[in-house]
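Okay, so here's the structure we're looking at.
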Amino acid sequence: KVGDHNDPASLAALEAMRPDIVAFTGGGIIRERLIGASGRGILNPHMGVLPRYRGMDVVEWPILEDEQERVGVGATLHLMDEGIDTGPIVRSVRVPIARGDSVERLRKRFEPALVDLILEGVRAARDDRLEPQPQVEADGHQYFMMHPRFYEQVRHRLAEIGGAGGPGSPGDRSDR
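So the sequence shown is numbered by this note's numbering: it starts at 39 and just counts up by one.
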């Protein structure tokens with residue numbers, strides 16, 4: 039066990055194991071040396087539609103920007119590079135907003151999609167069917183943690199489109 043994914047012990051372990059591919063479901067930036075020791079690469083499920091939504095709170099940003107219909111709310115499996123969610127895209131899926139969704143409920147419904155994406159990616163790598171497509175940097179933006187005032191707007195928009203995003207609902211982060 040290491041405290042930092044980029045710790046020399048992680049690199050030594052990967053070099054000893056010589057994996058075909060690595061699945062990474064945590065957060066953080068992985069350095070090039072570790073990526074290079076990861077066989078075909080490091081698969082990472084991202085809770086946003088890449089390349090458009092990189093970074094943090096990317097379930098919420100499309101709702102705030104009223105892009106949930108055009109761009110969509112969804113998850114993407116990509117191969118990690120040293121950037122933040124900038125690696126080649128393996129596959130994206132949409133996670134539709136359901137009637138009664140709060141942000142918390144919507145995020146919870148991402149969990150099976152993320153697991154399915156990882157499993158599909160590992161199987162595709164095993165069967166030599168992994169065909170990642172490079173991202174075009176200009177096609178997206180990096181987003182950061184959403185300010186509570188913006189988050190409040192997201193909750194209200196969810197309520198307007200049939201969700202349960204209002205104050206006091208599950209997922210209310212007014213204490214952020």
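For every residue, glycine included, the Cβ atom is placed at its ideal position computed from N, Cα and C.
Because the structure is a prediction, the values reported are computed rather than measured.
Can you tell me whether T114 is buried or exposed, with buried defined as 16 or more other CB within 10 angstroms of its CB?
Under this definition T114 is a buried residue.
Using DSSP's beta-bridge definition, name the partner residues of R92.
Paired residue(s): Q180.
Under the DSSP definition of a beta bridge, which residues are partnered with A51?
In the DSSP output, where bridge partners are listed per residue, A51 has none listed.
Quick one: measure Cβ to Cβ for Q171 and I127, integer angstroms, because I've assumed they're closer than 8 Å.
Indeed, because the Cβ distance is near 5 Å, the residues count as touching under 8 Å.
In whole angstroms, give me the CA-to-CA distance for F182 and G93.
Straight-line Cα distance between these residues: approximately 6 Å.
If you count every other CB in all the chains shown that lies within 10 Å of the CB of P205, and 16 or more means buried, which is it?
With a pLDDT of 45 at P205, under the threshold of 50, the modelled position of that residue is not reliable, and the figure given next carries that caveat. Its Cβ having fewer than 16 others within 10 Å, P205 is exposed.
Between the Cα of E142 and the Cα atoms of A75, V192, S48, which residue gives the shortest distance?
The candidate whose alpha carbon is nearest that of E142 is V192.
How many angstroms separate the CA atom of G200 from the CA atom of Y91?
Their backbone Cα atoms lie some 23 Å apart in a straight line.
Check P83 in the structure and name its three-state DSSP category.
If DSSP states are grouped into helix, strand and coil, P83 belongs with the strands.
Tell me whether V128 sits in a helix, a strand or coil according to DSSP, three-state version.
Three-state result, V128: strand.
Measuring straight from C-alpha to C-alpha, what distance separates A151 and G159?
Spanning the two alpha carbons is a distance of roughly 12 Å.
Just to confirm my understanding: we take D177, look at its own chain, exclude 5 residues before and 5 after, and list those with CB closer than 7 Å. What are they?
Cβ neighbours of D177 beyond the five flanking positions: P89, R90.
To the nearest angstrom, how far is it from the Cα of E149 to the Cα of A61?
About 15 Å.
Measuring CB to CB, does D119 end up less than 9 Å from I73?
Yes, the Cβ-Cβ distance between D119 and I73 is below 9 Å.
Go through its chain and collect everything with a Cβ distance to M85's Cβ below 8 Å, but skip five positions before and after it.
The residues are V96, V97, A113, R145, F148, L152.
For I122, which residues from the same chain have a beta carbon less than 8 Å from its beta carbon, with the 5 sequence-adjacent residues on both sides left out?
Cβ within range, chain order: I67, R92, G93, Q180.
Can you name, in chain order, every residue of its own chain whose Cβ lies under 6 Å from the Cβ of M184, other than the five neighbours on each side?
If we look at M184 and ignore the five residues flanking it on each side, its Cβ neighbours are D95, E98.
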